[in-house]
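Numbering (the working numbering), first residue to last: 7 to 296.
Virtual Cβ for every residue (Gly too), placed ideally from N, Cα, C.
Some notes on the structure that comes next.
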């Protein structure tokens, strides 16, 4: 185990060095985000002026345990702006950014929202949060490329209105969801459910799953009884994470006819943020409006 840790440290250091060596060769016409979730909010502002790419592109990759390649390090070194989530979600990017003197080009989404360590890290589930991210990108772009300020401003306003339509949908839906309870297999929809007035029951269970530990016997029994007695309106399952205990709870929900909402933590390749979040809202809408 010790040898493996040393090997990974050396490998990661080499990746940082490789990225650092490439920085001066950059034309810096690329904006990089750690996860694909933020491609649309960024692209909607910068339009055709910059290429926007994510390091992690697949829902099959866990951002928590991701290890960047030398190409990833080079891309970060070559970027005009780098956007990360923060709150420990994608901290692997920080060493590469620092090694390449790219700190001035970094946008930490959690810092934009004034979040602190310990806050729920799945901040993109709040549409208002994404509005603030697109605004932060706009404000950065008019500084680095002031001659195109009017272009960025028009793009930002258009996308802001588009996101506002999702917020209005949630406000309308809250009439049906406010005061309801739900179980979640992981605490990823925290901000969305909070906006809808939905309380997450048995949060210890979700936190244990997220931390890759076994939920306590008491928490498991509590959820089993809650599903059996319909103490919650629905169960939210993260499709990207499977385990025996999650399968068990999903099967129990089906057995006792508790509706199940299936979310992904990051975006499927064929969806942008708006369509993805629109689909998430629609799933809950169909359940509570029956």
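Residues sharing a beta bridge with residue i, DSSP
i: residue 39; result: 60 and 89
i: residue 172; result: Answer is none; residue 172 lacks a bridge partner.
i: residue 205; result: 187
i: residue 241; result: 189 and 266
i: residue 113; result: 89
Nearest-angstrom Cα separation, counted from residue j out to residue i
i: residue 197; j: residue 36; result: 30 Å
i: residue 248; j: residue 276; result: 22 Å
i: residue 89; j: residue 129; result: 13 Å
i: residue 212; j: residue 231; result: 16 Å
i: residue 31; j: residue 82; result: Here residue 31 scores only 45 on pLDDT, less than 50, and its place in the model should not be relied on; the value that follows carries that caveat. Computed Cα separation, rounded: 12 Å.
i: residue 266; j: residue 242; result: 6 Å
i: residue 187; j: residue 254; result: 20 Å
i: residue 176; j: residue 287; result: 7 Å
i: residue 60; j: residue 46; result: 11 Å
i: residue 111; j: residue 52; result: 15 Å
i: residue 11; j: residue 56; result: The predicted model places residue 11 with a pLDDT of 40, which falls under 50 and marks its position as unreliable, so this point remains unresolved.
i: residue 29; j: residue 58; result: Only weak support exists for where residue 29 lies, its pLDDT of 44 falling under 50; the value from the coordinates is given anyway. So the two alpha carbons sit approximately 18 Å from each other.
i: residue 290; j: residue 152; result: 42 Å
i: residue 97; j: residue 113; result: 13 Å
i: residue 209; j: residue 189; result: 8 Å
i: residue 27; j: residue 203; result: Reliability fails at residue 27, whose pLDDT of 48 lies under 50, so the model's placement of it is uncertain and the value that follows must be treated cautiously. Distance between the alpha carbons of residue 27 and residue 203 is about 50 Å.
i: residue 296; j: residue 225; result: 29 Å
i: residue 221; j: residue 199; result: 22 Å
i: residue 264; j: residue 144; result: 43 Å
i: residue 217; j: residue 80; result: 31 Å
i: residue 173; j: residue 284; result: 10 Å
i: residue 124; j: residue 115; result: 15 Å
i: residue 274; j: residue 282; result: 8 Å
i: residue 126; j: residue 75; result: 27 Å
i: residue 77; j: residue 71; result: 18 Å
i: residue 150; j: residue 269; result: 36 Å
i: residue 262; j: residue 236; result: 8 Å
i: residue 122; j: residue 181; result: 31 Å
i: residue 134; j: residue 201; result: 10 Å
i: residue 229; j: residue 94; result: 28 Å
i: residue 63; j: residue 44; result: 11 Å
Environment of residue i [buried if 16+ CB atoms lie within 10 Å]
i: residue 92; result: buried
i: residue 171; result: exposed
i: residue 132; result: buried
i: residue 146; result: buried
i: residue 223; result: exposed
i: residue 108; result: buried
i: residue 238; result: buried
i: residue 50; result: buried
i: residue 279; result: buried
i: residue 86; result: buried
i: residue 6; result: Since the first residue of the chain shown is 7 and the last is 296, residue 6 is not available in this structure.
i: residue 167; result: exposed
i: residue 160; result: exposed
i: residue 106; result: buried
i: residue 257; result: exposed
Beta-carbon spacing of residue i, residue j below 8 Å
i: residue 103; j: residue 142; result: no
i: residue 140; j: residue 165; result: yes
i: residue 244; j: residue 179; result: no
i: residue 272; j: residue 42; result: yes
i: residue 148; j: residue 155; result: yes
i: residue 233; j: residue 259; result: yes
i: residue 206; j: residue 240; result: no
i: residue 303; j: residue 191; result: The chain is shown from 7 up to 296; residue 303 falls before or after that span and cannot be answered.
i: residue 40; j: residue 69; result: yes
i: residue 246; j: residue 65; result: yes
What runs of the alpha helix (DSSP H), each 4 residues or longer, lie entirely inside the segment 90–164?
-> Counting whole runs of 4 or more residues, the segment 90–164 contains the alpha helix (DSSP H) stretches 98–105, 115–118 and 133–150.
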